[in-house]
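Below is one structure, written out as structure tokens; comments come after it.
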Amino acid sequence: MDTIKDLGEFGFIEKIKTIFEQPDNVIGIGDDCAVIPMGEANLLVTVDTLIENVHFFSDHPMDKLANKALNVNISDIIACGGTPQWAFLSISLNPMMQISKLDIFLDHLHKQCARHNIYLIGGNTTKDDKLSINITLIGKTQKPILRSGAKASQDVFVTGKIGCTACGFLALKNKTLTNSECIERFLAPQARIDLIDKIKPYATCMIDISDGLLQDANHICRASKIGMEIFLEQVKLCECDNLGDIDKITFGEDYELLFCADRKYREHILAIGDVSLIGQTNDSQKLTMYHNGNIIKPDKYGFTHF
Ligand code: ADP
Ligand code: MG
1119 MDTIKDLGEF GFIEKIKTIF EQPDNVIGIG DDCAVIPMGE ANLLVTVDTL IENVHFFSDH
1179 PMDKLANKAL NVNISDIIAC GGTPQWAFLS ISLNPMMQIS KLDIFLDHLH KQCARHNIYL
1239 IGGNTTKDDK LSINITLIGK TQKPILRSGA KASQDVFVTG KIGCTACGFL ALKNKTLTNS
1299 ECIERFLAPQ ARIDLIDKIK PYATCMIDIS DGLLQDANHI CRASKIGMEI FLEQVKLCEC
1359 DNLGDIDKIT FGEDYELLFC ADRKYREHIL AIGDVSLIGQ TNDSQKLTMY HNGNIIKPDK
1419 YGFTHF
């Protein structure tokens, strides 16, 4: 194992975890946010970086980029059952970037922060050839919902439609036409703030889908030490035909919410709307996916950086 590519993203995170001991009273590396007890409540902290030509194309509209940079972080805060409150913006700028472009970005970021009652209270500025945007978001919750909270014999649910971002990304990359909803989902994803308050009372565990449905389901299995059966035909997938079903569930960046709940709440949860029952947990410690009764074994579970 000579290179970072051999180690992989999750191997790297594991390495950090073995070097840096985590304090007992804090939920540190391993969930969507760090959870820091603070009096009656808990602070939630998350950070995500978007890099030009890695996470977005150079012609990504600046208003939508602001939206994306904030929403990918809001998504992690709500996945832990919290409310976002404070943001830090670290940004690398190319000196030749037009000020008018930056103004659109800032104006839109400001509007989005105002809309969600988030105060931008700090950051850092550096020079680079490529634009990169890193937002640290801090939120609060009375009761954190963790990846580790699932038990065997629970229902598995996911919000919304999976794979739209993947189809939108591919269409932009190959300059082909596709459903404009998919392009919008890639350019300006929306965290599911609209559903979180209805889901929160029932969810025993939760994760937002950034790495792909399967990989993020696997994160829940590992953190909760449970197994899961997912029935692909029950997952509401993007209808576009420019990608296969497996690509749709392994691309990531859906920013939908995947959560588990006791079976007795099934009807209440389905009545919320825009939520699908896609599987069951068990005690096998393995993730198994079925399509119409047949086991499917994809080559990979989802996105990793290296
Ligand atoms: P998400 O997809 O929810 O943003 P990630 O997969 O990026 O989560 O990260 C998983 C966990 O690993 C998180 O708890 C995150 O804080 C931690 N993590 C990721 N990269 C690093 C790093 N470079 N140093 C310390 N912790 C990290
Ligand atoms: Mg996340």
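Reading the sequence shown from the start, the letters are residues 1119 to 1424 in the numbering used here. We treat Cβ as the ideally placed atom computed from N, Cα and C, and that holds for glycine.
Item                                                                                                                : Value
Cβ-based neighbour list, HIS1409, same chain, cut-off 7 Å, excluding 5 preceding and 5 following                    : LEU1350 and GLU1351
Three-state class that DSSP yields for THR1426 in the structure shown                                               : Past the boundaries of the shown model lies residue 1426; the chain is included only from 1119 to 1424, so the question cannot be answered.
Cβ-heavy atom distance, PHE1402 to the ligand MG, below 7 Å                                                         : Checking the sequence shown, residue 1402 turns out to be Ser, not Phe. No.
Outcome for ALA1389 when other beta-carbon atoms lying within 10 angstroms are tallied against a minimum of 16      : exposed
DSSP bridge partner residues for ALA1379 (one or two, in chain order)                                               : ASP1273
Residues that DSSP places opposite GLN1398 in a beta bridge                                                         : ASP1273 and GLU1347
Proximity to ASP1247 [Cα-Cα], best of ALA1268, MET1215 and ARG1265                                                  : MET1215
Runs of alpha helix (DSSP H) lying entirely within the segment 1277-1328, each at least 4 residues, in chain order  : 1282-1291, 1298-1305 and 1311-1317
Terminal residues of the alpha helix (DSSP H) in which LYS1135 lies                                                 : 1122-1137
Coarse secondary structure for GLU1170, derived from DSSP in three states                                           : strand
Min CB distance PRO1307 to chain C below 8 Å                                                                        : Among the chains in the structure shown there is no chain C, since it carries only a single protein chain.
Supposed close pair ALA1379, ASP1273 - CB separation, criterion 8 Å                                                 : 6 Å
Cβ distance (whole Å) where SER1193 is taken to contact ASP1326 below 8 Å                                           : 4 Å
Close-in-space but distant-in-sequence residues of the same chain around ASP1149 (CB under 6 Å, 5 per side omitted) : LEU1264 and ARG1265
Proximity of ASP1166 and ILE1253 at Cβ, strictly below 8 Å                                                          : yes
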